[in-house]
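Structure first, commentary second.
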Amino acid sequence: AQSVSQHNHHVILSEAASLELGCNYSYGGTVNLFWYVQYPGQHLQLLLKYFSGDPLVKGIKGFEAEFIKSKFSFNLRKPSVQWSDTAEYFCAVNSYNQGGKLIFGQGTELSVKP
Amino acid sequence: EPEVTQTPSHQVTQMGQEVILRCVPISNHLYFYWYRQILGQKVEFLVSFYNNEISEKSEIFDDQFSVERPDGSNFTLKIRSTKLEDSAMYFCASTTGNPSGANVLTFGAGSRLTVL
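For the record, the sequence lines run as chains A and B.
If you're matching positions, the first sequence starts at 1 in my numbering and goes up one per residue.
If you're matching positions, the second sequence starts at 1001 in my numbering and goes up one per residue.
What follows is the structure, encoded as structure tokens:
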């Protein structure tokens, strides 16, 4: 069965620090990869996605993620975080030709201190 | 930007009661989903719905759960006899659908269900 693992449950950073959140998945076939963000009191919003092509994808708000197929990873990065990035971040995977069903990681709570 | 809307935002119910959570997906979307998130745990897939029938469901989605699209706009999740462990945030999502799965789900804000 597919699974998604996010290594960090809670990350605390100061503003301007760099961010990297780890995500690994287990599935041997072709996958589509996503990062969603949930700001306090709001709904899940798409940050970025990878379907095919360039493994380095850029999303909204300065976030990017790199798909490394050999490592089954899709880590999220941002060079300089802001207080407004405080949120919960979810990595998610669905497998090719199996519709839109997403498998989520357990989420990483990011707290950015001003 | 089109939104998925969910009602109620929060519902408190007694164990054993029936609950209906409502969702209005984006109008041109064809695939609909329910997910849930128990406090402190990961977001879990419950069910997907296409062409007026369930296309996939998880082990969580037992006989106590049902979904329907009664009027072509609303997409509802019914829990017949709630249990304490049904307390969670329930998210509705929809997408236009792409057979390869290369589509983006748009999520609603969620309905928080508290079972006492």
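All C-beta atoms, glycine included, are put in the ideal place defined by N, C-alpha and C.
Endpoints, beta strand (DSSP E) assigned at residue i
{"i": "F1151(B)", "result": "Past the edges of chain B, shown from 1001 to 1116, lies residue 1151(B), and the structure says nothing about it."}
{"i": "T1114(B)", "result": "1111–1115"}
{"i": "Y25(A)", "result": "23–26"}
{"i": "L1084(B)", "result": "Careful: L1084(B) lies outside any beta strand (DSSP E) and carries neither H nor E."}
{"i": "M1089(B)", "result": "1088–1095"}
{"i": "N32(A)", "result": "31–38"}
{"i": "L1030(B)", "result": "No beta strand (DSSP E) holds L1030(B); DSSP gives it neither H nor E."}
{"i": "L48(A)", "result": "44–50"}
6 Å CB neighbourhood of residue i in its chain, flanking five on each side removed
{"i": "K49(A)", "result": "F34"}
{"i": "G22(A)", "result": "H7, N75"}
{"i": "F51(A)", "result": "N32"}
Between the CA atoms of residue j and residue i - distance to the nearest angstrom
{"i": "Y27(A)", "j": "Q2(A)", "result": "5 Å"}
{"i": "E1053(B)", "j": "T1106(B)", "result": "20 Å"}
{"i": "E142(A)", "j": "Q1037(B)", "result": "Examination of residue 142(A) is not possible in this model, given that chain A is present from 1 through 114 alone."}
{"i": "E109(A)", "j": "H10(A)", "result": "5 Å"}
Option nearest residue i by Cα separation, candidates the options
{"i": "Q1017(B)", "options": "G1040(B), T1007(B), S1087(B), K1042(B)", "result": "S1087(B)"}
{"i": "D1071(B)", "options": "E1044(B), P1025(B), S1055(B)", "result": "P1025(B)"}
{"i": "E66(A)", "options": "K113(A), L110(A), N24(A), H9(A)", "result": "N24(A)"}
{"i": "D85(A)", "options": "K101(A), F72(A), P55(A), I60(A)", "result": "I60(A)"}
{"i": "R976(B)", "options": "F1091(B), R1080(B), I1060(B)", "result": "Nothing in the structure corresponds to residue 976(B), since chain B is present only between 1001 and 1116."}
{"i": "G53(A)", "options": "A1102(B), E1003(B), V1115(B), T1114(B)", "result": "A1102(B)"}
{"i": "Y39(A)", "options": "N94(A), G100(A), Y89(A)", "result": "Y89(A)"}
{"i": "P55(A)", "options": "K69(A), I12(A), Q42(A), H43(A)", "result": "K69(A)"}
{"i": "Y1031(B)", "options": "V1104(B), E1003(B), Q1041(B), G1097(B)", "result": "G1097(B)"}
Sequence ranges, alpha helix (DSSP H) only - wholly within the region 67–113 of chain A, length at least 4
none
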